[in-house]
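See structure below.
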Amino acid sequence: TVGCVVLDQEGMLVAGTSTGGMTNKMYGRVGDVPIIGSGTYASDVVAVSMTGWGEKIMRAVSGHTVSSYMKFKEGATLEEAGNYLLNDVLEPGDAGMIAVDKYGNMYMNMNTSGMFRAMSDSEGNREVAIWE
Amino acid sequence: KDWAIVLHGGAGTISKDLPDSVKQAYMNDLDEAISIGEEALANGESAIDVVQKVINYLEDNPKFNAGKGAVFTHEGKHELDAAIMVGNTRNAGAVTGVTSVKNPINLARMVMENSKHVMFAGEGAEEFAIEMDVKRVNQDYFYTQRRYEAYKRAIAEDSESGLLDSSEDYWEDDKYG
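One line per chain: the protein sequences are L and B, in this order. Note that the first sequence covers residues 6 to 137 in the numbering used here. Note that the second sequence covers residues 1169 to 1345 in the numbering used here.
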């Protein structure tokens, strides 16, 4: 699975995800990626793309959960919302998540052993990583 | 901040014993992908164009499980999914189970921008792809030796274990998207 989330100069937040699914998947199996609110979601506060165990990501309504946490929990940050999803809702080994909020705060974290990932912003913060 | 971008190329159990050359190849390609996004955003391109551009690069890169390099289904085929969403307008588009679209994220964007719907699946998505004149390819395009070998191993494990595909025991180790 691959994904990308962006905040542009006009303040637009966009999330996108694309995948071949899981190896040896059965006919007609649909994972989290095309389910708006699960593997792919963007609101006026955050854009989210997920990767990992699709069925668990769907059951957690992951992307929407992150957005709702930030919208409805007063003072909640992107980091708190992401950690809530990965640590409190999902289980170890389930998923990785990338996100960017309306302020340009970036998040890329996982509860798996690794995630191919990269982030960058206009202030020169830049990181490319695979493992923790 | 004027702009910000984050990308991923999949998560899961990634062995730390990867040869240095393989690790470096992944790092180089992730660096290339983020560089594409950085340059576009610095030039004032829209978030939706940047997301599409970066994902197209990753879809075309056989190292990642999307587009070329996609995994095999139980029937030995490739079925691809993609979605895109604009937060400020709540517009969204998605496709699932497409088999002939070179870059599924492009078709997902077309669903969002050129239809009144959010998702097309299977045959309907293929019909929409024909209507939209999006770039299409044969299934052979998605083939990579590495994914084929992973598929054969999965099939062999099925046979050896005697487990049904719907068994929870089977899925515990293999249910990754």
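Positions of the beta carbon are idealized from the N, C-alpha and C atoms, including for glycine.
Burial state of residue i, where buried means 16 or more other Cβ atoms lie within 10 Å
| i | result |
| --- | --- |
| A1210 (chain B) | exposed |
| P1272 (chain B) | buried |
| I1298 (chain B) | exposed |
| V7 (chain L) | buried |
| I25 (chain L) | Strictly speaking, residue 25 (chain L) in this sequence is Gly, with Ile absent from that position. It counts as buried. |
| F77 (chain L) | exposed |
| D99 (chain L) | buried |
| E1206 (chain B) | buried |
| G57 (chain L) | buried |
| E1340 (chain B) | Summary for E1340 (chain B): the model assigns pLDDT 43, below 50, so the residue's position carries little reliability; its value from the coordinates is reported in the next sentence. Exposed. |
Where residue i sits in the DSSP three-state scheme
| i | result |
| --- | --- |
| D1308 (chain B) | helix |
| R1277 (chain B) | helix |
| S67 (chain L) | helix |
| A1234 (chain B) | coil |
| I135 (chain L) | strand |
| D126 (chain L) | strand |
| D1326 (chain B) | helix |
| N1282 (chain B) | helix |
| I1173 (chain B) | strand |
| V94 (chain L) | helix |
Neighbouring residues, chain A, relative to residue i (Cβ below 7 Å)
| i | result |
| --- | --- |
| P39 (chain L) | No chain A appears in this structure, whose protein chains are L and B. |
Nearest candidate by alpha-carbon position, reference residue i, set the options
| i | options | result |
| --- | --- | --- |
| S138 (chain L) | L:G101, L:G98, L:E132 and L:T70 | In the structure as shown, chain L starts at 6 and stops at 137, and residue 138 (chain L) therefore has no counterpart that could be examined. |
| Q1307 (chain B) | B:Y1194, B:G1178 and B:T1241 | B:T1241 |
| A1250 (chain B) | B:Y1194, B:T1264 and B:T1257 | B:T1264 |
| M115 (chain L) | L:D106, L:S54 and L:Y32 | L:S54 |
| N88 (chain L) | L:K78, L:G80, L:M102 and L:S118 | L:M102 |
| K1270 (chain B) | B:F1232, B:Y1309, B:S1283 and B:A1289 | B:Y1309 |
| L166 (chain L) | L:S73, L:D106, L:G80 and L:E79 | Outside the modelled stretch of chain L, which goes from 6 to 137, sits residue 166 (chain L), for which no answer is possible. |
| K1231 (chain B) | B:V1286, B:N1196 and B:I1252 | B:N1196 |
| S1214 (chain B) | B:I1182, B:N1256 and B:Q1192 | B:N1256 |
| L95 (chain L) | L:A81, L:G59 and L:I40 | L:G59 |
Residue i Cβ short of 7 Å to the ligand ZN heavy atom set
| i | result |
| --- | --- |
| V51 (chain L) | The ligand ZN is not part of the structure shown, which contains no ligands of any sort. |
Quick one: any contact between the region 1278-1291 of chain B and the region 46-65 of chain L, if contact means 3 or more CB pairs under 8 Å? no
Within 8 Å, do at least three Cβ pairs link the region 1309-1326 of chain B to the region 1234-1241 of chain B? yes
Would you be able to state if there are at least three C-beta pairs under 8 Å between the region 114-127 of chain L and the region 1172-1183 of chain B? yes
Sufficient close CB pairs (3 or more, under 8 Å) joining the region 1194-1201 of chain B to the region 1222-1229 of chain B: yes
Pairing CB atoms from the region 1212-1219 of chain B with CB atoms from the region 11-20 of chain L, are three or more of them under 8 Å? yes
Note down, one range per segment and in chain order, each beta strand (DSSP E) of at least 3 residues found wholly within the region 35-84 of chain L. 45-47 and 51-57
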